[in-house]
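Below: one structure, written as structure tokens.
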Amino acid sequence: MCTNEALKRCVSNAIQKERKRVHDERKSHPTKKHDIHDYASIVVACGYSRSGKTFSGASASPLYHKYAEEIRRRLEKLGKIGAKRPGCENVIGACAEPHAADMVVKNLPGCKMNELQFSAAYRPRTGQRKKYCINCKDTFQEVL
Ligand SMILES: [Zn+2]
11 MCTNEALKRC
21 VSNAIQKERK
31 RVHDERKSHP
41 TKKHDIHDYA
51 SIVVACGYSR
61 SGKTFSGASA
71 SPLYHKYAEE
81 IRRRLEKLGK
91 IGAKRPGCEN
101 VIGACAEPHA
111 ADMVVKNLPG
121 CKMNELQFSA
131 AYRPRTGQRK
141 KYCINCKDTF
151 QEVL
């Protein structure tokens, strides 16, 4: 059973990990100008309700990412992966949610789309909690 506690821990680790990544990156390139885009915009954790395992995901361009079949099919129902559609400000497939869910589906065989569980989503740079977007609500309609 994947608990809310486990999801919270997972997303909190993901926030720390992303902050450390940016910190280390900036330290190793001290002359490079700092930019808020050094950070992944959003991180979230996802788990499988019948397993204790959780995975985190960060928002990233979907253009070079090969999604698991089930996730890809859901995303393509919205429109072209990598493009925007009316009604949502986010690029289809770029959110942290499909990236995290993709890890779950690829690593925990047998997990169906209605058995996914998500943590709240956060902006790692500020720690601010963010709402799930329309693309994500439509993609994961059974659970978000
Ligand atoms: Zn989204």
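Residue numbers (this note's numbering): 11 to 154. Every residue, glycine too, gets a C-beta built ideally from N, C-alpha and C. Predicted, not measured: the structure shown is a model, and the values here were computed from it.
query, result
"Heavy atoms of ligand 1 versus C-beta positions, residues under 7 Å", "100, 105, 107, 142, 143, 145, 146"
"Beta strand (DSSP E) runs contained entirely in the stretch 60 to 101, provided each spans 3 or more residues", "64 to 68"
"Same chain only: Cβ atoms within 6 Å of residue 91, ignoring 5 sequence neighbours per side", "72, 85, 102, 103"
"Inter-residue spacing [alpha-carbon to alpha-carbon] between residue 123 and residue 94", "23 Å"
"Exposure label - residue 26; buried when at least 16 CB within 10 Å", "exposed"
"Coarse secondary structure for residue 131, derived from DSSP in three states", "strand"
"Where residue 41 falls, given that 16 or more other Cβ within 10 Å makes a residue buried", "exposed"
"Residues bridged to residue 154 [DSSP beta-bridge criterion]", "Its beta-bridge partners do not exist; DSSP assigns none."
"Contact set for residue 154: own chain, Cβ-Cβ below 7 Å, skip 5 residues either direction", "128, 142, 146, 147"
"Helix, strand or coil at residue 56 according to DSSP, with G and I counted as helix", "strand"
"Classification of residue 152 by the beta-carbon crowding that lies within 10 angstroms, buried from 16 upward", "exposed"
"9 Å Cβ cutoff met for residue 68 and residue 28", "yes"
"Exposure label - residue 96; buried when at least 16 CB within 10 Å", "exposed"
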